[in-house]
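Chemist: The sequence shown begins at 2 in our numbering and counts up one residue at a time.
Glycine is no exception: its CB is placed at the ideal position from the N, C-alpha and C atoms.
Note that the coordinates shown come from a computational prediction; the quantities given were computed from them, not determined experimentally.
Pasting in a structure now, in structure tokens, and then I'll have a few things to ask.
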Amino acid sequence: MARQIALRLLEHRDGIVMDSWAAYWNGEIAETIDDRDSPDKRGRFTGWLESFVRAVHGHARARNEPSTTNEAARQALTKATEFTFQERPKIPEQIRRSQAGNPRDRVRRRTRAGRPAR
């Protein structure tokens with residue numbers, strides 16, 4: 002999915018208003034679009050795509066101008082923005098335990114020479 006979105010962005014990059022950061026991330030995407038054979042490379046590629054989208058929108062906000070100049074580029078950027086900012090499921094928090102597997106707030110008894118304390 003990320004590859005298809007990146008291909009559309011590269012195809013319509015002339016219609017996207019970019020600053021130097023967006024151009025840098027666009028170059029990273031163009032260089033690595035076919036080199037995503039491992040999970041870490043796919044993760045980096047998705048991160049570069051997200052950085053590109055953020056840079057384009059940030060530049061448009063800073064100049065108070067639209068981020069695209071034509072409809073095809075707008076559609077490609079909209080699709081990339083939806084992909085980048087999709088809601089991710091929240092990972093439930095686990096109960097913290099000691100290394101021995103006991104509950105964390107366990108009260109320990111003090112002993113003297115192996116006999117229970119009074």
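(1) Can you give me the Cβ contacts of residue 7 inside the same chain, cut-off strictly under 7 Å, excluding the 5 residues immediately before and after it?
(2) Please classify residue 125: does DSSP put it in a helix, a strand, or coil?
(3) Does the Cβ-Cβ distance between residue 60 and residue 68 come in under 9 Å?
(4) In the DSSP assignment, find the alpha helix (DSSP H) that holds residue 82 and state where it starts and stops.
(5) Mind reading off the beta-carbon distance from residue 57 to residue 3? Whole number of angstroms is fine, and I expect it under 8 Å.
(6) Run through the DSSP bridge pairs and tell me what residue 33 is partnered with.
(7) Decide if residue 86 is buried, meaning its Cβ has at least 16 other Cβ atoms within 10 Å, or exposed.
(8) Whole angstroms is fine: what's the gap from residue 43's alpha carbon to residue 80's?
(9) Of the residues 84, 92, 65 and 74, which one's Cα is nearest the Cα of residue 15?
(10) May I ask you to list the residues that DSSP assigns as paired with residue 69?
Modeler: Working from what's here:
(1) Within the sequence shown, the letter at position 6 stands for residue 7. These residues qualify, in order along the chain: 30, 34 and 50.
(2) Any property of residue 125 remains undetermined from this structure, which presents the chain solely from 2 to 119.
(3) Position 59 of the sequence shown, counted from the first residue, corresponds to residue 60. Position 67 of the sequence shown, counted from the first residue, corresponds to residue 68. Their beta carbons are under 9 Å apart, which means residue 60 touches residue 68 by this criterion.
(4) Taking the first residue of the sequence shown as position 1, residue 82 is located at position 81. Counting along the chain, the alpha helix (DSSP H) containing residue 82 begins and ends at 72-85.
(5) Looking up residue 57 in the sequence shown gives position 56. Looking up residue 3 in the sequence shown gives position 2. The Cβ separation is near 16 Å, so there is no contact.
(6) Counting from one through the sequence shown, the residue named residue 33 turns up at place 32. Residue 33 is not bridged to any residue.
(7) Stepping through the sequence shown from its first residue, residue 86 is reached at position 85. Answer is exposed; the Cβ neighbour count stays below 16.
(8) The sequence position of residue 43 within the sequence shown is 42, counting from 1. The sequence position of residue 80 within the sequence shown is 79, counting from 1. Using only the alpha carbons, I get a separation of about 18 Å.
(9) Walking along the sequence shown from the start, residue 15 turns up at place 14. Comparing Cα positions, the closest option is 74.
(10) Position 68 of the sequence shown, counted from the first residue, corresponds to residue 69. Residue 69 pairs with 17.
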